[in-house]
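Asks:
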Amino acid sequence: AQSVTQPDIHITVSEGASLELRCNYSYGATPYLFWYVQSPGQGLQLLLKYFSGDTLVQGIKGFEAEFKRSQSSFNLRKPSVHWSDAAEYFCAVAGNTPLVFGKGTRLSVIA
Amino acid sequence: SAVISQKPSRDICQRGTSLTIQCQVDSQVTMMFWYRQQPGQSLTLIATANQGSEATYESGFVIDKFPISRPNLTFSTLTVSNMSPEDSSIYLCSVSVGASGNTIYFGEGSWLTVV
């Protein structure tokens, strides 16, 4: 079965700074990879997904993620963070079972 | 994409009671799932709601505690039975869509507090 690790529990960045959230997965074949965002008091919103093809995928809200098979990673990036990006971010993988989620990374944005 | 509506969005429940959460999708979907998110935690899959047959439960979840119905391709319910404070969580309905059925969308969640 697949698994996901998000090594960073909490990250704080300054508004306007760049952001990278790490995600490592474990799965024997090519996985389906997702990033979701959960704002306080809200449900989950899909940011982007990777199934196949171009390993750099673009998502909503200016986010992108890069699939690196050699590193079993799917890190989320944004060149310039906005205060409204403060939220919980979940990486998830789907393989031969339904979605498995990482424990999440909480992003705080300071002025 | 899919638009998923859940009811109730929030509720405060008495210990020992049961509550049924409804999930309505704006299109027919094959796969529907129920997740639980305990306070400060990630999401854990409870079960896959199968249309026309019993739900498939994950390890640690049983039908007596979390009975699920799936009467058609756009609707499902999850009941949290005989609630205790440990059941205070967000319960999220999700569906898979797309040609490969591998894009998963979530409802806004049902925030339950058991007192």
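Those protein sequences? They're chains A and B, same order as listed. Residue numbers for the first sequence follow the numbering used here, so the first one is 1 and each next one is one higher. Residue numbers for the second sequence follow the numbering used here, so the first one is 1001 and each next one is one higher. Heads up, the beta-carbon is just placed ideally off N, CA and C, and yes, glycines get one too.
1) Taking Cβ-Cβ distances shorter than 9 Å, what residues in chain B pair up with A:Q116?
2) Does any C-beta atom of chain A lie closer than 8 Å to the C-beta of B:N1050?
3) Taking A:W83 as part of the beta strand (DSSP E), name the residues at either end of that continuous run.
4) Please classify A:K61: is it buried, with 16 or more other beta-carbons within 10 angstroms of its beta-carbon, or exposed?
5) So, at 7 Å on beta carbons, what are the nonlocal neighbours of A:N75 in its own chain, with the 5 sequence-adjacent residues on each side left out?
6) With DSSP run on the structure shown, which of helix, strand or coil describes A:S70?
7) Output yes if chain B places a C-beta closer than 8 Å to the C-beta of A:F74; else output no.
8) Distance cutoff 8 Å, beta carbons only. Does A:P79 sit that close to anything in chain B?
9) Quick one: grab the DSSP three-state call for A:K103.
10) Tell me whether B:K1007 sits in a helix, a strand or coil according to DSSP, three-state version.
11) With three or more beta-carbon pairs closer than 8 Å as the criterion, would you say the segment 1014–1034 of chain B touches the segment 1085–1096 of chain B?
12) Ignore the nearest five residues each way along the sequence and tell me which others in B:N1102's own chain have a CB closer than 8 Å to its CB.
13) Between which residues of its own chain and B:D1026 is the CB-CB distance below 7 Å, once the five residues before and five after are set aside?
14) For a contact meaning CB atoms closer than 7 Å, what does B:S1042 contact in chain A?
15) Compare the Cα-Cα distances from A:Y36 to each of A:T30, A:P7, A:V93 and A:E15 and report the closest residue.
16) Beta-carbon of A:F63 versus every beta-carbon of chain B: anything under 8 Å?
17) So if I threshold CB-CB distances at 9 Å, which residues from the segment 1062–1090 of chain B count as touching chain A?
18) For A:G95, does the count of other Cβ atoms within 10 angstroms reach 16, so buried, or fall short, so exposed?
19) So for B:P1067, helix, strand or coil by DSSP?
20) Exposed or buried, which one is A:T105 when buried takes at least 16 other CB atoms within 10 Å?
Replies: Working from what's here:
1) In the structure as shown, chain A starts at 1 and stops at 111, and residue 116 of chain A therefore has no counterpart that could be examined.
2) For the purposes of this step, residue 1050 of chain B is identified with residue 50 of the second sequence, where counting begins at 1. Output row for B:N1050: interface = no.
3) Counted from its first residue, the first sequence places residue 83 of chain A at position 83. Run containing A:W83: none; DSSP gives neither H nor E here.
4) Translated into the one-based positions of the first sequence, residue 61 of chain A becomes position 61. A:K61 comes out exposed.
5) The residue labelled residue 75 of chain A in the question sits at position 75 within the first sequence. Correct list, in chain order: E20, L21, R22, C23, A65 and E66.
6) Here the question's residue 70 of chain A lines up with position 70 in the first sequence. Reduced to three states, the DSSP call for A:S70 is helix.
7) Residue numbering aside, residue 74 of chain A sits at position 74 when the first sequence is read from its first letter. No, A:F74 does not count as interfacial toward chain B.
8) The residue labelled residue 79 of chain A in the question sits at position 79 within the first sequence. Answer no: the Cβ-Cβ gap between A:P79 and chain B never drops below 8 Å.
9) Working through the first sequence from its first residue, we reach residue 103 of chain A at position 103. In the structure shown, A:K103 sits in coil (DSSP, three-state: anything other than H, G, I, E or B).
10) As a working note, residue 1007 of chain B is residue 7 in the second sequence. It is a strand residue.
11) yes
12) Here residue 1102 of chain B corresponds to residue number 102 of the second sequence, with the count starting at 1. S1096, listed in sequence order.
13) As a working note, residue 1026 of chain B is residue 26 in the second sequence. Hits under 7 Å: A1002 and V1003.
14) To locate residue 1042 of chain B, count along the second sequence from 1; it is residue 42. Within 7 Å Cβ-Cβ: F90, F101, G102, K103 and G104.
15) Position 36 of the first sequence, counted from the first residue, corresponds to residue 36 of chain A. Checked all of A:T30, A:P7, A:V93 and A:E15; the closest Cα to A:Y36 is A:V93.
16) Sequence index remark: in the first sequence, residue 63 of chain A carries index 63 (1-based). Answer no: the Cβ-Cβ gap between A:F63 and chain B never drops below 8 Å.
17) I1090
18) Counting from one through the first sequence, the residue named residue 95 of chain A turns up at place 95. By the neighbour-count rule (16 or more Cβ atoms within 10 Å), A:G95 is buried.
19) Numbered from its first residue, the second sequence carries residue 1067 of chain B at position 67. Note: B:P1067 maps to coil in three-state DSSP.
20) Translated into positions along the first sequence, residue 105 of chain A becomes position 105. That one is buried.
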